[in-house]
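Residue numbers (the working numbering), protein chains in the order written: chain A, 22 to 281; chain B, 22 to 281; chain C, 22 to 281.
Beta carbons: idealized from backbone N, C-alpha and C, even for Gly.
As the structure is a computational prediction, the values presented were derived from the model and not from experiment.
Some notes on the structure that comes next.
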């Protein structure tokens, strides 16, 4: 778990355990601009982890809702007019109020205007971006190698959290590889969106954004493995991963995480 | 259960059983203006209880949809432009068509314009308002004591249904205290929203709005306890409470309700 | 299952098995314009069956999203302004790009303007329309007899997939009757919407739209029966039908389908 001398000089499983405890103790509110498909599942994932979701998109309300939140998620799925406007206002409120935020550039590999918006949002300094390989390519123009991720993270001063068979979290210097998770996670809609919301929740209680991102992806990966052991398919898996997150504790996280 | 001479001279568990039977017999349609997070869960709660949900927000359609409905829910969560416009039209249609309606002023303690809208809507004569303590404070300006609830109910000629560890239902004279429910209910998103929808459904088959509100909160509270006995966490709890509502019957309601 | 000489000269169960295999092998992307209540469940049904959902409604994006998709679903539930505009653009893109599409005219029996829109959309040549008896009446002006269905299908050059205790699928010549399914399917919101999405997915891998429609309704009907055997009510049923679709295979389909 801990390899002294390596780029990753932090002990991610122990960090994840501490971050989870803080989530439960502080119940931070996470404001989510997220797609219509993901809203309910994301809210339940946040509640299960100990956070409190809010999700309004209304122009009249989003400023106060974001300023009073402990973190913000900006997810580009189902990017309609109102979400687009809400995103601009929310990022402005987060920047002014010093509210940490995460970008989830869903499906930017499928939509040129959405990819352009994602690039513009990166310039507004999210703490982290969580995405998959195809989305990383659309965002950065480069293959998702560890070197390209690190270079992008350094250049943009951002944490890159790349989901895949093994998740990678880079801040340009430190790299965490998280081999937890289960293939059923790819068969449940909004699983990645919920993971991004969990990154936002962890940012609310952990200032080091690399640690927060790695902690969140470790939590959801371990919860996914625990859920898979009880599931008969993606329907029961989606239910079981909420239960697993709710019942997750530090010792289980440390015992089951496969992090380097 | 029944305490002669007290303010509550009605037998709520028996009323709840009768109201549930009427829900199953009549399958009233309940039109719901509710937040995006809650729509699916709310629809399934209504179906499980025997009602039929409809949820359009379209300006072109909402008038006819409300006029033909047996009750209306107005929930202020994720209050975007379209929901705001739909609310005005729906309340107008409900008033003209004599369709009973319930207000759920979600999160008005977090948003000043939303609180102002809630107060304006109270003036349009909903039969009941279902809310939590913080929302009651934002609505009425007073602490949620039993006296303040009763005073508010009398002043506004409305039923106040206050959710909490013990639910309270007041019409200004009668007070029902419902000690059913389970703490997992607070860990599932949209549980309160769904409870409000159930209040609307009960209003469709019970003219006495105090009885309807108390019946609905008793049903969901008992269903919550039955669900908790089968659940491993909030994921399986959310599934089990739908099953429990579907399988709920009068004798179970009367045997398990803790109502004064 | 196979009755030579009858109008139905195709062997639907065997076709369904082959279509399911192709869904798994090809993972077609299905773009869905569907109502807010149905989005999450529909996405999970598509994923469980082997397809990939996308759901944006944004005017800026929907053209490219539809042109790159293998099939399109147009569902008229919660028909707000943005969905209405998205529908026009999506159908245009589908027509130009030769993307097969399905119409689900939800609740047109409850809304005159929505029924008018459905009739206009039929003129834009969807491959299939999936609906219930009341919706067929609102669409065609006639009772949903087998003759009326066949006449409508011939006249409009469309497959009519009528859901009910027994599903009927007509192209005007061939008629398939599918006696699978379970009454709990009517107690879960968005079940019909998800069935229509599955029709779209099958159209992506089967050019004969009658075969595709019959295959989809057979799959969901058989999955419903398998789910009912594990369910305690509509909550666990909704979970179990996703699991059942995910685990469904050709031999099970052929053994359990009750198709004529």
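#### Entry: Every unbroken alpha helix (DSSP H) inside the stretch 196 to 229 of chain C [4 residues or more]
212 to 226
### Query
So is residue 137 of chain A buried or exposed if we call it buried at 16+ other beta carbons inside 10 Å?
Burial is judged here by how many other beta carbons sit within 10 angstroms of a residue's own beta carbon; residue 137 of chain A has fewer than 16 and is exposed.
### Task
For residue 57 of chain A, decide whether its Cβ has a neighbour in chain C, counting only Cβ atoms nearer than 8 Å.
yes
### Query
How about residue 62 of chain A: is its C-beta nearer than 8 Å to some C-beta of chain C?
True, the Cβ-Cβ gap to chain C drops below 8 Å.
#### Entry: Spatially closest choice to residue 173 of chain C from C:124, C:44, C:61, C:193, by CA coordinates
Measuring from the Cα of residue 173 of chain C, the nearest candidate turns out to be C:193.
### Query
CB residue 179 of chain B to CB residue 242 of chain B, shorter than 8 Å?
It is not a contact, given that the beta carbons lie outside the stated cut-off.
### Query
When the cut-off is 8 Å and only beta carbons count, does residue 238 of chain A lie next to chain C?
no
#### Entry: Contacts of residue 261 of chain A in chain B (Cβ-Cβ under 7 Å)
256
#### Entry: C-beta neighbour in chain C for residue 162 of chain B, strict 8 Å
no
#### Entry: Residues within the stretch 127 to 160 of chain B neighbouring chain A, beta-carbon criterion of under 9 Å
If you check each beta-carbon in the stretch 127 to 160 of chain B against every beta-carbon of chain A, the ones closer than 9 Å belong to 128, 131, 132, 133, 134, 135.
### Task
Classify residue 264 of chain B as buried or exposed, calling it buried when 16 or more other Cβ atoms lie within 10 Å of its own Cβ.
buried
### Query
For the stretch 142 to 166 of chain C, which segments carrying the alpha helix (DSSP H) assignment without a break, of at least 4 residues, lie completely within its bounds, in sequence order?
154 to 161
### Query
Can you name the residues of chain B whose CB is closer than 7 Å to the CB of residue 204 of chain A?
Under the 7 Å cutoff, chain B gives no residues; its nearest Cβ is about 19 Å from residue 204 of chain A.
### Query
Does residue 278 of chain B have its Cβ less than 8 Å from a Cβ in chain C?
no
#### Entry: Cβ neighbours of residue 57 of chain C in the same chain (closer than 6 Å, five flanking residues each side left out)
By the criterion of a C-beta distance shorter than 6 Å, residue 57 of chain C is surrounded in its chain by 99, once the five residues flanking it on both sides are discounted.
### Query
Would you say residue 51 of chain B and residue 34 of chain B are within 8 Å of each other, going by their C-beta atoms?
no
### Query
Going by other Cβ atoms of all chains shown within 10 Å of its Cβ, with 16 needed for buried, is residue 228 of chain A buried or exposed?
exposed
### Query
Is residue 48 of chain A closer than 8 Å to residue 72 of chain A when the C-beta atoms are compared?
Inclusion of residue 72 of chain A and residue 48 of chain A in the CB contact set at 8 Å is warranted, their separation being smaller than that value.
#### Entry: CB contact check: residue 68 of chain B to chain C, cutoff 8 Å
yes
### Task
Find the residues of chain A that neighbour residue 186 of chain B, judging by a C-beta separation of less than 8 Å, and give them in chain order.
Result: empty, since nearest Cβ-Cβ is about 17 Å, beyond 8 Å.
### Task
Could you please tell me which residues of the stretch 88 to 111 of chain A, in chain order, have their CB closer than 9 Å to any CB of chain C?
98, 99, 100, 101, 102, 103, 104, 105
### Query
At what residues does the beta strand (DSSP E) containing residue 74 of chain A begin and finish?
73 to 75
### Delimiting residues of the beta strand (DSSP E) encompassing residue 188 of chain A
Here the beta strand (DSSP E) through residue 188 of chain A covers 188 to 191.
### Message
Is residue 253 of chain C close to chain B? Criterion is C-beta to C-beta, closer than 8 Å.
### Response
yes
### Query
Hey, residue 82 of chain C and residue 126 of chain A are a contact pair by Cβ (cut 8 Å); roughly how many whole angstroms apart?
In fact, because the Cβ distance is near 13 Å, the residues do not count as touching under 8 Å.
### Task
Kindly list, in the order they appear in chain C, the residues whose Cβ is closer than 8 Å to that of residue 211 of chain A.
61, 64
### Query
Would DSSP call residue 78 of chain B helix, strand or coil?
coil
### Query
Is DSSP giving residue 245 of chain A helix, strand or coil here?
If DSSP states are grouped into helix, strand and coil, residue 245 of chain A belongs with the helices.
### Task
For chain C, find out if any of its Cβ atoms is closer than 8 Å to the Cβ of residue 23 of chain B; answer yes or no.
Below a pLDDT of 50, predicted positions are generally treated as unreliable, and residue 23 of chain B, at 41, falls in that range; the measurement from the model is reported next regardless. Chain C, which has no Cβ nearer than 8 Å to the Cβ of residue 23 of chain B, makes this no.
### Query
Since residue 222 of chain A and residue 70 of chain A are thought to touch, with beta carbons under 8 Å apart, how far apart are those beta carbons, to the nearest angstrom?
6 Å
### Task
Decide if residue 167 of chain B is buried, meaning its Cβ has at least 16 other Cβ atoms within 10 Å, or exposed.
exposed
### Query
Who are the neighbours of residue 264 of chain B on chain C, taking C-beta pairs under 9 Å?
Neighbours of residue 264 of chain B on chain C, chain order: 252, 253, 254, 255, 256, 257, 258.
### Message
So within the stretch 84 to 139 of chain B, which uninterrupted alpha helix (DSSP H) runs reach at least 4 residues, ignoring any that extend past its ends?
### Response
102 to 118
### Query
Tell me, which residues are paired with residue 66 of chain A by DSSP?
DSSP output for residue 66 of chain A lists no bridge partner at all.
### Query
Closest Cβ-Cβ distance between residue 44 of chain B and chain C: below 8 Å?
no
### Task
Starting from the C-beta of residue 60 of chain B, find all residues in its chain whose C-beta is less than 7 Å away, skip the five residues before and the five after it, and write them out in chain order.
76
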